[in-house]
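Residue numbers (the numbering used here): 7 to 471.
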């Protein structure tokens with residue numbers, strides 16, 4: 007397969023159009039073949055006011071791309087014989103308490119890494135993030151006012167987060183392994199498990215055993231450490247009036263002393279280097295960093311959600327007839343990110359603005375170089391459904407994590423979204439719909455009543471009127 011200049015020029019034009027449409031402040035996108043860049047796109051600025059350009063070494067937040075690194079750390083410890091993915095969580099975290107004691111003892115490390123513990127969306131990790139949001143001058147505007155009650159809980163690390171969870175009264179979504187629901191709390195727990203199994207703090211362990219052999223020299227978890235680097239992006243945000251107008255919002259949010267669910271900051275070239283560990287079965291630069299067996303387990307589908315989403319260990323998968331794609335996305339204030347591998351190719355996209363469809367940017371580039379269409383866009387959505395049937399889905403959906411969706415019926419067409427960003431839904435199966443971009447959602451209906459919706463990797467309950 008050859009990538010001629012015209013093909014890459016076409017890709018560059020397409021990505022420029024997408025960036026302009028989204029009013030992107032700054033983006034770094036790199037496509038690599040066998041680890042070597044074959045296409046690089048740097049759009050906008052890392053500092054708009056001073057027009058400082060973005061390079062492959064510019065450090066961005068990467069948000070939940072961090073989750074795969076947390077899982078990789080666990081698998082590195084598995085390789086060392088320090089723990090097993092089938093270990094019960096309570097073996098390492100006796101503080102782990104659930105309202106259902108039977109399920110509590112059944113939750114394994116495997117379930118944490120695959121989002122299959124049964125935990126619903128909850129506010130525990132958000133309670134850790136609350137202090138940095140409250141300290142941000144734009145925090146109230148972007149995220150809503152943080153309650154004094156949440157701040158008073160002073161949750162700052164995994165141990166205090168576990169105590170917070172132990173005091174909650176909630177119902178699990180099912181038995182461990184039964185269903186998927188994205189859980190930042192589960193990935194926070196992996197940090198303390200790794201520390202207790204290794205006898206070492208998480209960050210030094212990752213630096214020595216992963217960053218160093220992978221040559222990730224422009225990666226860090228800590229804001230204070232990031233400030234010591236040059237070429238670091240500023241952060242930007244959309245105004246909340248639906249206008250796509252962007253403003254500078256420099257404060258970085260953190261999750262206290264919890265690093266494993268979204269605290270990594272890295273350059274796009276470091277992410278490309280990182281992806282080689284998955285593309286090459288754990289071997290990078292001639293060194294077996296993690297065993298091929300461990301990488302195989304991370305990149306195997308362990309759960310398929312009701313909306314057909316597939317998840318491994320810290321990685322999302324798409325098994326298409328033409329190609330298997332492995333990757334993950336991330337989003338938080340000032341961050342939209344996505345990474346993926348397929349065949350000989352890898353792609354990484356880092357954007358200094360939240361709520362941009364970085365996955366679309368990444369998949370556009372990946373399918374372009376693979377010279378295959380995006381199968382997500384070929385979903386046949388012609389399942390018959392009446393307007394009266396559509397009416398049952400209308401309403402507000404919200405989780406204790408803070409995820410909110412509205413479903414509306416407009417001129418006979420179902421729409422879903424948050425705030426002013428609404429997307430049309432087309433029915434492809436009973437209670438199953440897809441957006442024009444090919445993303446599937448599945449409404450959960452029990453005894454004729456809509457209980458909630460699976461969107462992405464999350465289950466979001468329907469609120470009662």
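Just so it is clear, CB atoms sit at the ideal spot from N, CA and C, and this is done for glycine as well.
Helix, strand or coil, according to DSSP, for residue i in the structure here?
| i | result |
| --- | --- |
| residue 224 | coil |
| residue 83 | helix |
| residue 176 | coil |
| residue 394 | helix |
| residue 156 | helix |
| residue 452 | strand |
| residue 7 | Residue confidence is low: residue 7 scores 44 on pLDDT, short of 50, so the model does not pin down where it sits. No coordinate-derived value is stated. |
| residue 219 | helix |
| residue 472 | With the chain covering only 7 through 471, there is no way to say anything about residue 472. |
| residue 145 | helix |
| residue 323 | strand |
| residue 386 | coil |
| residue 109 | helix |
| residue 138 | helix |
Have a look at the options and flag the residue whose alpha-carbon is nearest the alpha-carbon of residue i.
| i | options | result |
| --- | --- | --- |
| residue 161 | 453, 191, 176 | 191 |
| residue 397 | 120, 431, 326 | 431 |
| residue 50 | 463, 204, 419, 22 | 22 |
| residue 267 | 63, 181, 19, 69 | 69 |
| residue 233 | 67, 127, 167 | 67 |
| residue 362 | 351, 24, 265, 20 | 24 |
| residue 294 | 219, 93, 47, 335 | 219 |
| residue 45 | 352, 446, 75 | 352 |
| residue 459 | 263, 167, 402 | 402 |
| residue 358 | 258, 287, 229, 413 | 258 |
Would you decide whether residue i is buried or exposed? Buried here means 16 or more other CB atoms lie within 10 Å of its CB.
| i | result |
| --- | --- |
| residue 327 | exposed |
| residue 389 | exposed |
| residue 386 | exposed |
| residue 424 | exposed |
| residue 325 | exposed |
| residue 239 | buried |
| residue 7 | Model confidence at residue 7 stands at a pLDDT of 44, short of 50, so the residue's coordinates are unreliable; what they give is reported in the following sentence. Exposed, because fewer than 16 other Cβ atoms sit within 10 Å of the Cβ of residue 7. |
| residue 256 | exposed |
| residue 236 | exposed |
| residue 253 | exposed |
| residue 173 | exposed |
| residue 87 | exposed |
| residue 197 | buried |
| residue 470 | exposed |
| residue 457 | exposed |
| residue 442 | exposed |
In terms of DSSP beta bridges, what is residue i paired with?
| i | result |
| --- | --- |
| residue 273 | 65 |
| residue 404 | 410 |
| residue 17 | DSSP output for residue 17 lists no bridge partner at all. |
| residue 294 | 289 |
| residue 53 | 58 |
### Task
Scan the stretch 416–452 and note each continuous beta strand (DSSP E) run of 3 residues or more that stays entirely inside, going in chain order.
Taking only runs of at least 3 residues, the beta strand (DSSP E) segments lying wholly in the stretch 416–452 are 419–424, 427–430, 432–435, 438–440, 446–452.
### Query
Which runs of the alpha helix (DSSP H) spanning at least 4 residues fall entirely within the stretch 188–264, listed in chain order?
If only uninterrupted alpha helix (DSSP H) runs of at least 4 residues are considered, those enclosed by the stretch 188–264 are 190–204, 208–212, 229–232.
### Task
Only counting runs of 3 or more residues, tell me where the beta strand (DSSP E) segments fall wholly within the stretch 342–376, in order along the chain.
Runs of the beta strand (DSSP E) inside the stretch 342–376: 351–357.
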